[in-house]
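*Asks:*
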Amino acid sequence: MPRLSTTASFVAIAAFTAAPAAAQVDPAPAGAIAQDGAAPGVEERVEEGEAEIVVTAERLRGQVDTDVPPVLELDAEEIASYGAGSIEELIEQLAPQTGSGRGRGSGRPVFLVNGQRVGGFREFRRYPPEAIQKVEVLPEEVALQFGYPADQRVINFILKDNFASREVELEYGGPDRGGTANGEIELSQLTIDGSRRTNIGFEFNTNSMLTEAERDIVQTPGSTPTVAGDPDPAAFRSLRADAESWELDATINDTLGDAPGSGTYSLNAGIERGFSRSLSGLDVVTLTDGGASAVRTIDDDPLERRRRATTYSLGGSLNKPVGDWMLDATLDGSRADTTTLIDARRDTGVLQDIVDAGELAIDGPLPALAPGGTDRADSTTYSADFKTTLRGTPFTLPAGEVRATFDAGYSWNRIESTDTRSDAGELAQTRGNLTAGVNLGLPIASAREGFLGALGEVNLNLAAGVDRLSDFGTLADATAGLAWRPTEALTLQASYIWREAAPSLSQLGDPVVTDYNVPVYDFSRGESVLATIVTGGNPDLAAQTQRDIKLAANYELELFSRTNIVVEYFRNRSDDVTQSFPLLTPAIEEAFPDRVVRDGAGNLVSIDRRPVTFAGTRSARLRYGINMFGRVGKEATDGESDRRSGARAGGRARAGAGEGAQSPANGGEGPPAPAGTARQAGPGAQDGRGRARGRFDPARMAELRERFCAAPEGEVPDLSGLPERMLARLKGADGQVDPARVAMLRERFCSEEGAAAGGQFGRMDPERFAALRRALCADPAAPVDLDALPERVRARLAGADGQVDPARLAAFRERICAMPAPPAGGEARQGGEGTQGAGRGGSGGRGGGASRFGRRGDGQGRWNLGLYHSIEFENEVLVAPGGPVLDQLDGQAIGSGIPRHKIELEGGLFYKGLGLRLSGDYQSATRIDGTGLPGSQDLFFDHIATFDLRAFVNLEQQEWLAGDTPGFWKGARLSLRVDNLFDARQRVTDASGAVPVSYQPLLTDPLGRTFEIEFRKLF
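In case it helps, our numbering puts the sequence shown at residues 367 to 1385.
This is the structure:
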């Protein structure tokens, strides 16, 4: 646990001396708090009861208001330890914690920014992690509060109040076996000024083609030419397409007006363009002449597939208080145009006719054949999704306030498609979906509210919704959940979800596309073949009914900096399940005989892989994991911190005009602030705009106090010139100045204590605090000298009779004496800007303050480890009513089998500007049973573990490189990433131990171990 400083000790006193108002809690030393006002979200307040005084932490502005604790929380220092280049990259690294084990939904979490819904992921996905103050990962049930189904976890990003950056990121990489490479260029600019945000970003990606010849893939029998000089089709069949894409997007967020409570809005727009080219081999023909035969490739003109896609996106959001309620409205629309050109096979039958006529030897030169032409498949997809929610607390029960969310929305989707290979002409599928729902959070028992307190905190959640689909009629859903928190460390949850769901429009209406010469393993005959594969939509799919149960526990341990254990059990039942066409096992072929074409000899010719409807599925699984966070390295002494900070600050002050004296946190031990971030370096320091920063001088505080006290009570005074962090404390959840908070601040400014402190309310001179602590704690058994307590403290301790309540006095005394004594002399440290404790984040000047590790100047790094294990108890598929039941855990799989065990690992270490991240995935072995008939064989999929390693270095912090004047290296980072560190590939064998041609390791995973180097610079 971090050592509490004088400031933290004074929290308890400030809570009493400021009426019910809040007082700053900052784990930094006493002198550090004389900087720019109180830090957001780190305050404590007093709540009066019958016989006790409770000091509780106030929520950070932008946190989600819920009784369910987060699965994971990250503060600014911990976010920086991941070394991610954007929010999108950070989410990828948090996959074990953000993934839902329920097995429903799209898999992508619900995203919030500052506790509010946004107009789409593209609105903020490029934001640099340095702009984030805190991340909350919340359970699936919280999604109901924002109008979403409880099948996705919720991630809330709390941004810093002020931040500005420009970013350039360059990447290049490829597999260690060569053959292909990829590159990326990304540019972005972000400005955050309270509720006003602007962001523009551009990204370009490219990767080159990889062919089967470059991986020495063994060709399917019967597809390799037997005549010398014929081209090898392996060089004309791609494992990875040649592709290029670029994206451009922009977002603006602003307030609807200057008046408090005006609300905010956002607009975002984007365009994405991509092109890819893949090869499907050569035209192959088998020529026969009498008893002789020869496999021939016509020429070296490959069958190509060229795809071109353009997507236009537009979205926005509106967040506005309506009385005591919050109205959130979002709109997300897009149009995607896709064109696919597929080379048609040439008519090779004419060659056999020439052979039969005696005019061509089967091994002789082949004549030119007429081109087969080009088929074209076009599709245009439209989507528009409007959702509005109204959130509030309509009434209060004995155990607390009832939370209510009403949601309504309308989504519209349309797919238009044409395909020259089909006689159906133009196809069109349209769906409109009108939705409505309600969610109620009902407190049943609460120790905080003194109602059935022996039970702890108990909350009931009820939700119901209805969907009116234009193509499926009316569908409904209902959810009931119970959350019980018997102690502060333990939370138990149970929920039941019943839901009707329709197939997606793409599953119903995608254009039908035919691919030739696709390698397929034929389980019935135990051989690999080249078959024709048909994909697309199926308009005959049915609606699905889901019935799910979830039981969960979250236990917080006092281990390292913090640790929590998560245990979740899921049981899913579904009827009429839409599923992509599964692996063609004998059981599947028997259930869907019309999807398979064989020739007279029983050879597999083609498979129709369009989606199908299964009669039902059953599954049950347990997922549990642990998240651990800690510090590493020796804590620096005050002198060491000051000396390092002072030296670096002096060097940077000489770096150039307009960039005030700055100093790195932790004396160069923690990650640097992004460019454009002004870090305080003691009195007289300036931020990136040249504005004075650092400690308040008495004259300035006196002027502010005079301004507040001169304003008529009930009116908002002139707030210009108010320190940014103090101004942030005056804003409500909508980002606007809250008159109630202004009134509270005025009361504190204009009180006797405020006058005595020169306006620096919430602070006590360390000597006065030390004297108070001596009076309370010198002899714990002796009575307290009440005259030694400040008058307002005595007033807060008074009971209904006006006399000091002994119980309140005892609680106050215990709390003060439990805190450590202030440093000798109460000396204030200066230099780098102070940061908040775990889970608190930080903010400051332009750039919001640097992301740092540990408290300011502590010289410590950060480490974390997340480890999750999933156990599959049951996974069965009923193919058709009265049909076979497939146990996917016992060889009767519809795919490559369901592993009974999965393990996910994610962890890392950051110290002195050097970072290392490791992630890993493991899944146990599976098998697929054959028919048992001659020629059919079982397939065995071995267990596999893969690991990804990423090392990065913040170049600015490396004194051997940057010295005292970082110059170009300021805000620069170099990263090296190795995916599939041990080049692991899943081994698939048949009963004899042989590897089928279709499951060659280099065919199923042609890339294997890949290396990528990245250079990132933040200006």
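Glycine is no exception: its CB is placed at the ideal position from the N, C-alpha and C atoms.
Taking 9 Å as the cut-off, decide whether the C-beta atoms of Ile558 and Ala616 are in contact.
*Replies:* For the purposes of this step, residue 558 is taken as the residue at position 192 of the sequence shown. For the purposes of this step, residue 616 is taken as the residue at position 250 of the sequence shown. No, Cβ-Cβ distance for Ile558 and Ala616 is not below 9 Å.
*Asks:* Confirm, please, whether the CB-CB distance from Asp667 to Val649 is below 9 Å.
*Replies:* By one-based count along the sequence shown, residue 649 stands at place 283. By one-based count along the sequence shown, residue 667 stands at place 301. Just to set this straight, residue 649 is Asp in the shown sequence, not Val. Yes, the Cβ-Cβ distance between Asp649 and Asp667 is below 9 Å.
*Asks:* Less than 9 Å between the C-beta atoms of Ala918 and Val932, yes or no?
*Replies:* In the sequence shown, the residue the question calls residue 918 occupies position 552. In the sequence shown, the residue the question calls residue 932 occupies position 566. Cβ atoms of Ala918 and Val932: closer than 9 Å.
*Asks:* Which one of Val963, Arg865, Leu818, Asp914 has the shortest CA to CA distance from Val900?
*Replies:* By 1-based counting over the sequence shown, the position of residue 900 is 534. It is Val963 whose Cα lies nearest to the Cα of Val900.
*Asks:* Can you tell me which of Ser604, Leu622, Thr1312, Arg491 puts its alpha carbon nearest to the alpha carbon of Arg562?
*Replies:* Here residue 562 is taken as the residue at index 196 of the sequence shown, counted from 1. The residue with the shortest Cα to Cα distance from Arg562 is Leu622.
*Asks:* Under 8 Å by Cβ, that's how I've got Thr676 and Lys753 pegged, so tell me the actual separation to the nearest angstrom.
*Replies:* Position 310 of the sequence shown, counted from the start, is the residue given in the question as residue 676. Position 387 of the sequence shown, counted from the start, is the residue given in the question as residue 753. The Cβ separation is near 26 Å, so there is no contact.
*Asks:* With three or more C-beta pairs closer than 8 Å as the rule, is the segment 825-841 touching the segment 799-806?
*Replies:* Taking 8 Å as the limit for Cβ pairs, the verdict is that the segment 825-841 does touch the segment 799-806.
*Asks:* Quick one: what's Ala811 bridged to in DSSP?
*Replies:* Along the sequence shown, read from residue 1 onward, the residue named residue 811 stands at position 445. Ala811 pairs with Val824.
*Asks:* Taking the alpha-carbon of Glu506 as reference, which of Gly798, Ile915, Arg742 has the nearest alpha-carbon?
*Replies:* Working through the sequence shown from its first residue, we reach residue 506 at position 140. Selected option, being the one with the closest Cα: Ile915.
*Asks:* Compare the C-beta of Glu725 with all C-beta atoms of chain D and state if any pair is closer than 9 Å.
*Replies:* Judged by its chain identifiers, the structure shown contains no chain D, having just a single protein chain.
*Asks:* Given a threshold of 16 other Cβ atoms within 10 Å of its Cβ, counted over all protein chains shown, does Ser946 qualify as buried or as exposed?
*Replies:* As a working note, residue 946 is residue 580 in the sequence shown. It counts as exposed.
*Asks:* Thinking Pro1250 and Gln1289 are a contact (beta carbons under 8 Å), I'd like their distance in whole angstroms, please.
*Replies:* Reading the sequence shown from its first residue, position 884 is the one you call residue 1250. Reading the sequence shown from its first residue, position 923 is the one you call residue 1289. Not really, about 25 Å apart at Cβ, beyond 8 Å.
*Asks:* Around the C-beta of Leu871, are 16 or more other C-beta atoms found within 10 angstroms, so that it is buried, or is it exposed?
*Replies:* Locating residue 871 in the sequence shown gives position 505, counting from the first residue. It counts as buried.
*Asks:* At the level of alpha carbons, what is the spacing between Ile708 and Leu645?
*Replies:* By 1-based counting over the sequence shown, the position of residue 708 is 342. By 1-based counting over the sequence shown, the position of residue 645 is 279. Taking the straight line from one Cα to the other gives about 10 Å.
*Asks:* Would the segment 1227-1242 and the segment 983-1000 be scored as touching if the rule is three or more Cβ pairs under 8 Å?
*Replies:* With the cut-off at 8 Å, the segment 1227-1242 and the segment 983-1000 touch.
*Asks:* DSSP beta-bridge partners for Thr898?
*Replies:* The count along the sequence shown starts at 1 and reaches residue 898 at position 532. Ser972, per the DSSP bridge assignment.
*Asks:* Could you give the residue range of the alpha helix (DSSP H) that holds Ile1386?
*Replies:* Outside the shown range of the chain, which is 367 to 1385, sits residue 1386, and nothing can be said about it.
*Asks:* If you measure between the beta carbons of Gly883 and Gln912, is that distance less than 9 Å?
*Replies:* As a working note, residue 883 is residue 517 in the sequence shown. As a working note, residue 912 is residue 546 in the sequence shown. The residue asked about is misnamed: residue 883 is Asn in this sequence, not Gly. Not in contact: Asn883 and Gln912 (Cβ atoms no closer than 9 Å).
*Asks:* Select from Val879, Asn779, Ala658 the residue whose C-alpha is nearest the C-alpha of Ala743.
*Replies:* Counting from 1 along the sequence shown, the entry for residue 743 is found at position 377. Measuring from the Cα of Ala743, the nearest candidate turns out to be Val879.
*Asks:* Here's the rule I'm using: 16 or more other beta-carbon atoms within 10 Å means buried, otherwise exposed. How should Phe1377 be labelled?
*Replies:* Sequence index remark: in the sequence shown, residue 1377 carries index 1011 (1-based). So Phe1377 counts as exposed.
*Asks:* Would you kindly check if the distance between the Cβ of Trp850 and the Cβ of Glu823 is under 9 Å?
*Replies:* Within the sequence shown, numbered from 1, the residue matching residue 823 stands at position 457. Within the sequence shown, numbered from 1, the residue matching residue 850 stands at position 484. Yes. Within cutoff.
*Asks:* Since Gly875 is in the alpha helix (DSSP H), which residue starts that stretch and which ends it?
*Replies:* Counting from one through the sequence shown, the residue named residue 875 turns up at place 509. Counting along the chain, the alpha helix (DSSP H) containing Gly875 begins and ends at 871-875.
*Asks:* Where does Asp527 land, buried or exposed, given buried means 16+ other C-beta within 10 angstroms?
*Replies:* As a working note, residue 527 is residue 161 in the sequence shown. Classification of Asp527: buried, given that the 10 Å Cβ count is 16 or more.
*Asks:* Output the distance between the C-alpha atoms of Thr422 and Ser683, rounded to the nearest integer angstrom.
*Replies:* Residue mapping note: residue 422 aligns to position 56 of the sequence shown, counting from 1. Residue mapping note: residue 683 aligns to position 317 of the sequence shown, counting from 1. Caution is warranted here: a pLDDT of 45 is assigned to Thr422, below 50, making its placement in the model unreliable, and the coordinate value is therefore given only provisionally. Cα-Cα distance, rounded: 33 Å.
*Asks:* What did DSSP end up calling Val434 once you bin it into helix, strand or coil?
*Replies:* Position 68 of the sequence shown holds residue 434. Here Val434 sits in coil by DSSP.
*Asks:* Check Phe512 in the structure and name its three-state DSSP category.
*Replies:* Numbered from 1 along the sequence shown, position 146 holds the residue referred to as residue 512. Phe512: helix per DSSP, three-state reduction.
*Asks:* In angstroms, rounded to a whole number, what distance separates the CA positions of Thr1408 and Gly640?
*Replies:* Residue numbering for the chain in the displayed model covers 367 to 1385; residue 1408 lies beyond these limits and cannot be assessed.
*Asks:* Under a Cβ-count criterion, where at least 16 other Cβ atoms within 10 Å of its own Cβ denotes burial, should Leu605 be classed as buried or exposed?
*Replies:* As a first step, residue 605 is located in the sequence shown; it is residue number 239 there, counting from the start. So Leu605 counts as buried.
*Asks:* Do the segment 454-471 and the segment 577-589 meet, that is, are 3 or more Cβ pairs less than 8 Å apart?
*Replies:* Contact between the segment 454-471 and the segment 577-589 is absent, because fewer than three Cβ pairs lie under 8 Å.
*Asks:* According to DSSP, is Gly629 part of a helix, a strand, or is it coil?
*Replies:* For this step, residue 629 is matched to residue 263 along the sequence shown. Of the three classes helix, strand and coil, the one that applies to Gly629 here is coil, per DSSP.
*Asks:* By Cβ distance, which residues of its chain are closer than 6 Å to Gly636, with the 5 residues on each side in sequence left out?
*Replies:* Position 270 of the sequence shown, counting from 1, holds the residue named residue 636. Only Arg488, Asp615, Ser679 meet the Cβ criterion.
*Asks:* Starting from the Cα of Gly627, find the closest Cα among Gly595, Ala600, Leu693 and give me that residue.
*Replies:* What you label residue 627 is simply residue 261 of the sequence shown in a count that begins at 1. Cα-wise, what sits closest to Gly627 is Leu693.
*Asks:* Going by DSSP, what residue range makes up the alpha helix (DSSP H) through Val716?
*Replies:* As a first step, residue 716 must be located in the sequence shown, where it is residue number 350. Run containing Val716: 715-722, per the alpha helix (DSSP H) assignment.
*Asks:* State the CB to CB distance for the pair Val501 and Glu439, rounded to an integer number of angstroms; the pair is presumed to be in contact (CB under 8 Å).
*Replies:* Stepping through the sequence shown from its first residue, residue 501 is reached at position 135. Stepping through the sequence shown from its first residue, residue 439 is reached at position 73. About 7 Å separates the two Cβ atoms, so the contact holds.
*Asks:* Taking the continuous alpha helix (DSSP H) assigned at Ala710, which residues delimit it?
*Replies:* The residue labelled residue 710 in the question sits at position 344 within the sequence shown. Unbroken run through Ala710: none, as it is neither H nor E.
*Asks:* Taking only the alpha-carbon atoms, compute the straight-line gap between Leu808 and Ala846 and give it to the nearest angstrom.
*Replies:* For the purposes of this step, residue 808 is taken as the residue at position 442 of the sequence shown. For the purposes of this step, residue 846 is taken as the residue at position 480 of the sequence shown. Going from the Cα of Leu808 to the Cα of Ala846 covers about 11 Å.
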